[in-house]
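What follows is the structure, encoded as structure tokens:
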């Protein structure tokens, strides 16, 4: 670049910079121009710029974004509806439900239960009217009437059309009726158009263990045909529903839920849930739903919200199948819990006894029901125990390297003495549905919440006796005393059970490893669940003690020897299991003989 070129470019730069400052309008001119532009925008949206709407502050900061009116720097006002169960706060910005307090309930910090807050909640309709995109979230709604149980919020247009949100909170109810009226929009909205109802929020932490609370938090939905489904509770998930009509969508956290309901159903739905990053305790998860509602003339849309504790009777009383969001396990565990354990618990809960005592009574009753199977299992294990010397003799005579032949000799011995080798296992298998059913029942039982027993202040969460920095990978930061006692009692039970069954080798040690694994799993679970398992172990000790008083090993051994002397009945059919086991042993022996050749 030569000297003349450089000089020319430098002079041009000076002129440009100088003109920027010299020609810059004054602050008064900028304000006047902004006012004129804003008035033009407001007129294009049909707002009256001469007489502001009642209780609405129209400012020059109103702007157009995506062809929808966005109000900035507008004073937000709140309207409160209240009954003996709920306190519902409505916002003038978007006319949404800003927050909901469930009365007579507190968080783990002793504060009122607020399901969600204003800044994290969005609720509104998106649609096209006169070729313009409308989003009611951005409109200002003014209160035109208000009572303790009812409020009408209106977004008024200059042409006389308006949108009304009518909220009604019936007495002694967890439901909020939400009626939406589009007045004067019949000619503005094309037929066969869908209104899209968008509802997004973040449910707040209510329980001590946020990790455990997130485990039981999720999005559930019910189709009009009665089918209830859910998005994943363990990971981020999204689902688009294009077939059938959705009856309701429920945002569930561990012990509370927020539900959006339409008796006519939503045509299509797009649901999404995201877990907030670990370490962020501002909320549990992010819930989103976009629901399609067909536009109709004389537009009046009846929608309902249900904000309630996840108490079985409360949800069941809504008569919409909402009780199905409480996890009671898969069938048949769900049937055992819902029609058996839950009904018995409700009956015991009417006595006024503490929840800890009710858990004890439930455990005793369960153990009494399955006692015949427990007794049969003990007797079967006693028979196997007295046969052990003869079985050891067979193993010594045949040789441990020939397991197929050893098993065949065992089967012959079982057949002679009339012993079923699975006699001790089958009764235990019958008990398993009940044991696993309680694993689902207690963690989801609302009645455990904030109930104390002995040293445990809250049976719905863990009772830490020791706390420490979080251990990497394991995620432990405490030791639950009730879980520790449960584990110790299980180890003691395993020891005595091995004495009864005569377990040896690997099976003997597996019984000790299992309780330690369960300790790692149940350490953060509800103290009420660990209390049940502890009671179950203690009652099992007691049952086995009394069974031993009536079961004499010498008499059993004598009876088995008598059975040997009885002639074999040629007409007696073999059991299906015995026949399959003999066939398997025979095949293994044939394979072994072929390998030798």
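In my numbering, the protein residues as written are 12 to 608. Every residue gets a Cβ at the ideal spot worked out from N, C-alpha and C, and that includes glycine. Given the structure is predicted, the values throughout are model-derived calculations rather than measurements.
Query: Those residues which DSSP pairs with residue 475 across a bridge; Result: 491
Query: Alpha-carbon spacing of residue 478 relative to residue 148, whole angstroms; Result: 45 Å
Query: For residue 145, the first and last residue of its enclosing beta strand (DSSP E); Result: 143 to 146
Query: DSSP three-state assignment for residue 506, whether helix, strand or coil; Result: helix
Query: Selection from 197, 422, 363 and 559 that minimises the alpha carbon distance to residue 458; Result: 363
Query: Residue 486 classed as buried or exposed, judged by whether at least 16 other C-beta atoms fall within 10 angstroms; Result: exposed
Query: Proximity of residue 168 and residue 103 at Cβ, strictly below 8 Å; Result: no
Query: Start and end residues, alpha helix (DSSP H) containing residue 151; Result: Where residue 151 is concerned, there is no enclosing alpha helix (DSSP H), given that its DSSP letter is neither H nor E.
Query: Within 8 Å, strictly: CB atoms of residue 111 and residue 101; Result: no
Query: Whole runs of the alpha helix (DSSP H) within the segment 529 to 588, excluding any shorter than 4 residues; Result: 538 to 561 and 564 to 576
Query: Sequence-distant residues of the same chain with beta carbon closer than 8 Å to residue 284, five excluded per side; Result: 229, 230, 242, 243, 247, 248, 249, 296, 297, 298 and 299
Query: Start-end ranges of the alpha helix (DSSP H) lying completely within the segment 259 to 338, minimum 4 residues; Result: 323 to 327
Query: Through-space distance from residue 253 to residue 306, alpha-carbon basis; Result: 17 Å
Query: Sequence-distant residues of the same chain with beta carbon closer than 6 Å to residue 107, five excluded per side; Result: 134
Query: Residues near residue 335 in its chain [Cβ-Cβ closer than 8 Å; skip 5 each side]; Result: 231, 233 and 239
Query: 8 Å contact criterion, which residue 501 and residue 548 should meet: CB distance rounded; Result: 6 Å
Query: C-beta contact flag for residue 377 and residue 445 at 8 Å; Result: yes
Query: Beta-carbon contacts of residue 490 that lie in its chain and below 6 Å, excluding the five residues immediately before and after; Result: 476 and 477
Query: Rounded C-alpha distance that separates residue 71 from residue 151; Result: Low confidence applies here, because residue 71 scores a pLDDT of 29, under 50, leaving its location unreliable and the question unanswered by this model.
Query: 8 Å Cβ cutoff, residue 316 in contact with chain C; Result: Although the question refers to chain C, the structure presented lacks it and comprises just one protein chain.
Query: C-beta contact flag for residue 269 and residue 318 at 8 Å; Result: yes
Query: Nearest-angstrom Cβ-Cβ length linking residue 448 and residue 344, presumed shorter than 8 Å; Result: 5 Å
Query: Where the beta strand (DSSP E) through residue 109 begins and ends; Result: 108 to 117
Query: Cβ-based neighbour list, residue 361, same chain, cut-off 8 Å, excluding 5 preceding and 5 following; Result: none
Query: Continuous beta strand (DSSP E) stretch holding residue 92: start and end; Result: 89 to 93
Query: Outcome for residue 348 when other beta-carbon atoms lying within 10 angstroms are tallied against a minimum of 16; Result: buried
Query: Proximity of residue 159 and residue 177 at Cβ, strictly below 8 Å; Result: no
Query: Distance between beta carbons of residue 424 and residue 402, contact taken as under 8 Å; Result: 7 Å
Query: Expected contact under 8 Å - CB spacing of residue 114 and residue 92 to nearest Å; Result: Actually they do not touch by this definition, with Cβ atoms about 12 Å apart.
Query: Boundaries (first-last residue) of the alpha helix (DSSP H) holding residue 353; Result: 353 to 360
Query: C-alpha distance - residue 331 paired with residue 325, whole-angstrom precision; Result: 11 Å
Query: Residue interval of the beta strand (DSSP E) (run including residue 140); Result: 133 to 140
Query: Beta-carbon gap between residue 197 and residue 308 smaller than 8 Å; Result: yes
Query: Secondary structure of residue 227, DSSP reduced to three states; Result: coil
Query: Sheet register partners of residue 178 (DSSP bridge); Result: 162 and 189
Query: Per-residue DSSP class, three states only, for residue 386; Result: helix
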